[in-house]
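Residue numbers (the UniProt record's numbering): 1 to 392. C-beta atoms are modelled at their ideal positions from N, C-alpha and C, and glycine is treated no differently. Since this is a predicted model, take the numbers as computed values, not measurements. Below you'll find the structure, written out as structure tokens, and then a few comments.
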């Protein structure tokens with residue numbers, strides 16, 4: 001009997017490892033999404049929304065290729081267009097104070113790499129914060145970043161929601177299109193560490209946020225609603241619990257890419273922990289689960305909405321709970337991904353997503369990735385109709 005239990009235990013461990021270790025950096029398509037390259041409608045465009053996240057890791061004086069690609073797509077853009085930066089605008093620690101001259105210079109370079117792409121853009125530009133924007137400097141770092149972005153762009157209100165606030169920020173892009181901007185790290189952070197949090201804000205508690213968010217969805221449920229935040233509700237990337245075979249067999253390569261020292265089984269401890277328990281930044285974590293419930297419970301009650309996020313450094317599209325979920329977090333970093341559990345497309349390559357809303361009411365998403373060798377227009381890697389035309 002003990003031998004049988006041991007065998008079952010080993011079999012269970014192998015099954016767990018197999019379930020979470022199928023991610024890679026290739027293009028992954030679900031079986032029902034392999035014929036994705038359908039033509040776009042021949043119809044007038046009402047609005048275009050460009051989505052890029054985790055773009056704040058420009059290094060060594062080089063501009064991340066996804067930002068260069070985005071810039072090429074923004075050339076000739078009209079006023080009926082919007083760019084949303086989906087958080088982690090500044091790696092690794094947030095905005096340093098001016099007294100820390102070396103760190104501040106690096107931070108300004110990383111921000112300017114993004115800001116210069118949209119400096120002359122005629123449409124709307126918005127930045128939402130991510131966990132790395134809060135990371136070391138907290139609320140004060142957010143305020144510094146907000147001031148720098150809005151001053152450099154000469155756009156008051158480009159940073160949303162206001163620093164330290166959990167208020168859902170509702171932006172009416174047109175009569176039929178609404179953008180709701182959230183700071184999801186506000187929910188996840190430890191408020192005891194931020195004595196100035198919630199000052200001057202409508203939402204004073206997480207329950208109050210839930211009420212305000214549900215009210216916004218109910219008020220605009222007859223329109224197209226895009227909900228932009230840093231943390232995704234679903235993901236087949238590392239924050240969603242998936243990992244590569246290499247991470248299980250050669251875990252030390254996370255610390256140093258040259259440490260190819262095999263540690264089978266032991267190497268699976270950290271990936272399995274993230275998949276089933278999670279850090280505060282992982283979907284499995286209880287705090288993250290509470291955030292998901294607050295947002296998804298409200299969405300299920302009021303219709304079909306389009307969720308856009310970053311956090312995992314990949315391009316993903318998923319459908320679940322009657323909602324559409326886009327991850328565009330490959331602005332300056334890459335991570336492995338896969339399909340499954342509603343995810344129809346996943347790609348661990350630099351790029352961005354684009355939503356096109358047509359005057360007939362139909363909505364399409366496209367994902368563009370950096371091509372090799374580089375092509376200024378990049379490569380279209382996935383396309384999907386999210387909403388049909390309105391009934392006549």
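Check for me: the alpha helix (DSSP H) holding residue 335 runs from which residue to which? It is not in any alpha helix (DSSP H) - residue 335 carries neither H nor E in the DSSP assignment.
In or out: residue 19 buried (at least 16 other Cβ within 10 Å) or exposed? Reliability fails at residue 19, whose pLDDT of 49 lies under 50, so the model's placement of it is uncertain and the value that follows must be treated cautiously. Residue 19 is exposed by the Cβ-count criterion.
Between the alpha carbons of residue 226 and residue 170, how many angstroms are there, rounded? Distance between the alpha carbons of residue 226 and residue 170: 10 Å.
Rounded straight-line distance, which links the Cα of residue 214 to that of residue 299: If you take the alpha carbons of residue 299 and residue 214, they lie about 8 Å apart.
Determine contact between the region 163-180 and the region 197-208, defined as no fewer than three beta-carbon pairs at a distance below 8 Å. Judged by Cβ distances under 8 Å, the region 163-180 makes contact with the region 197-208, as three or more pairs qualify.
Identified DSSP bridge partners for residue 357: Bridge partners of residue 357: 47, 363.
What are the uninterrupted segments assigned as beta strand (DSSP E) that are 3 or more residues long and contained completely in the region 101-177, given in chain order? Segments of the beta strand (DSSP E) lying fully in the region 101-177: 124-127, 169-174.
Just to confirm my understanding: we take residue 160, look at its own chain, exclude 5 residues before and 5 after, and list those with CB closer than 7 Å. What are they? Hits under 7 Å: 126, 128, 169, 181.
On the premise that residue 365 lies in contact with residue 386, defined as a C-beta separation below 8 Å, what is that separation, rounded to the nearest angstrom? Contact holds; Cβ gap of about 6 Å.
By Cβ distance below 8 Å, which residues in the same chain neighbour residue 45 in space, the five residues on each side in sequence not counted? Once the five neighbours on either side are set aside, the close Cβ partners of residue 45 are 80, 356, 357, 358, 359.
For residue 16, which residues from the same chain have a beta carbon less than 7 Å from its beta carbon, with the 5 sequence-adjacent residues on both sides left out? Note that residue 16 scores 46 on pLDDT, short of 50, meaning its location in the model is unreliable; the coordinates nonetheless yield the value given after this. 272.
Any heavy atom of the ligand SAH closer than 6 Å to the CB of residue 390? No copy of the ligand SAH occurs in the structure displayed, which carries no ligand at all.
With DSSP as the reference, identify every bridge partner of residue 224, one or two as the case may be. In the DSSP secondary-structure assignment, residue 224 is bridged to 177.
Of all the options 52, 22, 217, which has the alpha carbon lying nearest to the alpha carbon of residue 333? Selected option, being the one with the closest Cα: 52.
Specify the secondary structure class of residue 388 as computed by DSSP and reduced to three states. Under the three-state reduction of DSSP output, residue 388 falls in the coil class, being neither helix nor strand.
For the beta strand (DSSP E) that residue 268 lies in, which residues bound it at each end? First-last for residue 268: undefined, no H or E at that position.
What is the DSSP secondary structure of residue 81, counted as helix, strand or coil? Correct three-state label for residue 81: strand.
Assuming residue 23 and residue 337 make a contact with CB atoms under 8 Å, what is their CB distance in whole Å? Yes, they are in contact, since the Cβ atoms of residue 23 and residue 337 sit about 6 Å apart, within 8 Å.
Where does residue 315 land, buried or exposed, given buried means 16+ other C-beta within 10 angstroms? Residue 315 should be labelled buried.
Would you mind sorting residue 26 into buried or exposed? The rule is 16 or more other CB atoms within 10 Å of its CB. When all chains shown are included, residue 26 counts as exposed.
Grab the span of the beta strand (DSSP E) containing residue 324 for me, first residue to last. DSSP places residue 324 inside the beta strand (DSSP E), whose first and last residues are 323-328.
May I ask you to report which of helix, strand or coil DSSP gives residue 93? Under the three-state reduction of DSSP, residue 93 is assigned to coil, being neither helix nor strand.
Taking the beta strand (DSSP E) that residue 344 falls in, what are its first and last residues? Residue 344 -> beta strand (DSSP E) spans 343-347.
Work out the CA separation of residue 134 and residue 104 for me, nearest whole Å. So the alpha carbons of these two residues sit roughly 15 Å apart.
CB residue 36 to CB residue 280, shorter than 7 Å? The answer is no: Cβ separation not under 7 Å.
Under 7 Å, do residue 241 and residue 274 count as touching if we go by C-beta distance? Yes, the pair counts as a contact, with Cβ atoms nearer than the cut-off.
Start and end residues, beta strand (DSSP E) containing residue 316: For residue 316, the enclosing beta strand (DSSP E) begins and ends at 315-320.
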